[in-house]
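Asks: Okay, here's the structure, questions in a sec.
Residue numbers (the working numbering): 585 to 863.
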């Protein structure tokens, strides 16, 4: 005998309850509920959709606004995944870390694709609402900076560390090991001469990891993929900025293109990149 469908629309459902609801509805969607939509409640969709507040009448500003928020959400998700992978490496769980990084890979691809939408804004369209941004700039993004830090880039401009509401979060992130820190420690625990403060020894250790093969070599290549995706994102960022504003100064006080080109000189996991020359 089938149990009656219980009124649990806004709370958790067990597998048996889901099956009972599908049986009671004849397999069709249950659109009417006694309270609010469970979907809206679970993901706070109504709140999310209320947060798009462009400041001008320029239609293209909505695209800029939404894609900026999308990138912030993706930064948050990427940070979440890489922090989890870091903790898994600290616990010697290479397989778990590789699986988590596998899940993060499409997040990085979506971040790269986000530039495609922004690249469709013409210089005139952007100019029509740029002044309304004021001093707002991606330079001030907390989640982007935390993502850089969790991957191992710890050179944060002092002005960001002194910014109210941002500095404390960045200092907290800086107090924790990075994903690369834990990868290097793991390589050392496995008997390779991975000295964190000796770049030459670390390059040699990564080369030996590649020669040995196995899980650590898979980890090395997964880290390389992470770095490649991040640097691809930065490179396209430069192109999009040049396409939209040329060599004009940035909104956050930077020189614009010149500053971005300098940022692009940085490489995540430099010894891992350099190890290739020793193979």
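Even for Gly, the Cβ is constructed at its ideal location relative to N, Cα and C. As the structure is a prediction and not an experimental result, all values here were calculated from the model.
(1) What is the C-beta distance between residue 713 and residue 645, in whole angstroms, given that I count them as a contact (C-beta under 8 Å)?
(2) With 16 as the cutoff for other CB atoms within 10 Å, does residue 812 come out buried or exposed?
(3) Just to check my reading of the structure: residue 822 and residue 845 have Cβ atoms closer than 8 Å, yes? What is that Cβ distance to the nearest angstrom?
(4) So residue 790 and residue 804 are supposed to be a Cβ contact under 8 Å. How far apart are they, rounded?
(5) Could you check whether residue 793 and residue 800 sit closer than 8 Å to each other, using their CB atoms as the reference points?
(6) Looking only at its own chain, which residues have a Cβ that is under 6 Å from the Cβ of residue 674, when we skip the five neighbours before and after it?
(7) Among 802, 692, 768, whose alpha-carbon lies nearest the alpha-carbon of residue 662?
(8) From the DSSP output, in three-state form, read off residue 783 for me.
(9) Quick check on the burial criterion: 16 or more other C-beta atoms within 10 angstroms. Buried or exposed for residue 749?
(10) At the level of alpha carbons, what is the spacing between residue 653 and residue 632?
(11) Within the segment 604-649, note down every full alpha helix (DSSP H) run reaching 4 residues or more, in order along the chain.
(12) Please state if the CB of residue 701 and the CB of residue 647 are separated by a distance shorter than 8 Å.
(13) Just to confirm, are residue 802 and residue 856 a CB contact at a threshold of 8 Å?
(14) Hey, how far is the Cα of residue 725 from the Cα of residue 863?
(15) State the Cα-Cα distance for the pair residue 719 and residue 623, rounded to the nearest angstrom.
(16) Around the C-beta of residue 642, are 16 or more other C-beta atoms found within 10 angstroms, so that it is buried, or is it exposed?
(17) Curious, which full-length alpha helix (DSSP H) runs of at least 4 residues does the segment 694-772 contain?
(18) On a CA-only basis, which of 736, 752, 796 is nearest residue 850? Give me that one, please.
(19) My output table needs one value for residue 776: the three-state DSSP class, helix, strand or coil.
Replies: By the coordinates alone:
(1) The C-beta distance from residue 713 to residue 645 rounds to 4 Å, short enough to meet the 8 Å contact threshold.
(2) Burial call: exposed.
(3) At roughly 7 Å, the Cβ-Cβ gap stays under 8 Å, so residue 822 and residue 845 are in contact.
(4) About 6 Å separates the two Cβ atoms, so the contact holds.
(5) Yes, the Cβ-Cβ distance between residue 800 and residue 793 is below 8 Å.
(6) Correct list, in chain order: 766.
(7) Closest in alpha carbon position to residue 662, among 802, 692, 768, is 692.
(8) Per DSSP, reduced to three states, the secondary structure at residue 783 is helical.
(9) The residue in question, residue 749, is exposed, as its Cβ has fewer than 16 Cβ neighbours within 10 Å.
(10) Rounded to the nearest whole angstrom, the C-alpha separation of residue 653 and residue 632 is 10 Å.
(11) Complete alpha helix (DSSP H) runs here, min 4: 622-627, 629-633.
(12) A distance below 8 Å separates the beta carbons of residue 647 and residue 701.
(13) Contact: no.
(14) When rounded, the distance between both Cα atoms is 38 Å.
(15) Per the coordinates, the alpha-carbon of residue 719 lies some 36 Å from the alpha-carbon of residue 623.
(16) Result: buried.
(17) Counting only runs of at least 4 residues, the segment 694-772 fully encloses the following alpha helix (DSSP H) elements, listed from N- to C-terminal order: 707-714, 726-735, 742-745, 751-758.
(18) Closest option to residue 850, judged by alpha-carbon separation, among 736, 752, 796: 736.
(19) In this structure, residue 776 counts as coil in the three-state DSSP scheme.
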